[in-house]
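Structure follows, in structure tokens:
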């Protein structure tokens with residue numbers, strides 16, 4: 506199942522956003538608050554729990570300077586479900602940076618996917634909005 510956020514524009518360069526997003530320590534400022542608990546991070550890895558019951562450890566899977574960052578389960582961590590998040594940055598002709606957040610959830614049964622899809626879309630949109638807000642302040 507693939508989900509893509511709405512596209513937003515941050516009033517900063519792709520380079521600044523990429524540098525900010527290339528360090529998990531900065532993510533604590535942009536993750537949606539409320540359901541995330543126990544946030545821990547280093548520059549290249551983070552872990553947290555969702556709703557107090559699902560522990561997740563993430564690492565960078567791919568970093569393409571100034572245009573794309575892909576995050577997924579850390580190689581040495583068990584993941585409750587195969588999941589990837591992709592953040593795409595595109596220069597907006599000197600008028601800031603276009604941002605989209607994509608989420609890919611592999612497998613899962615159709616009923617579970619149907620229940621998760623709206624929540625994943627909401628999370629992707631909230632993250633994009635946070636990137637727009639914090640990115641404009643960089």
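In this note's numbering, the protein residues as written are 506 to 643. All C-beta atoms in this analysis are idealised placements derived from N, C-alpha and C, irrespective of residue type, glycine included.
In the three-state reduction of the DSSP assignment, residue 519 falls in the helix class. Distance check between residue 565 and each of 614, 622, 529 places 529 closest, using alpha-carbon atoms only.
For residue 640, the CB contacts under 6 Å within the same chain, skipping 5 residues up- and downstream, are 515, 517, 522 in chain order. Note that the C-beta distance between residue 593 and residue 568 is not below 8 Å.
In this structure, the beta-carbon distance from residue 634 to residue 571 does not fall below 8 Å. Bounds of the alpha helix (DSSP H) holding residue 618 are 615–641.
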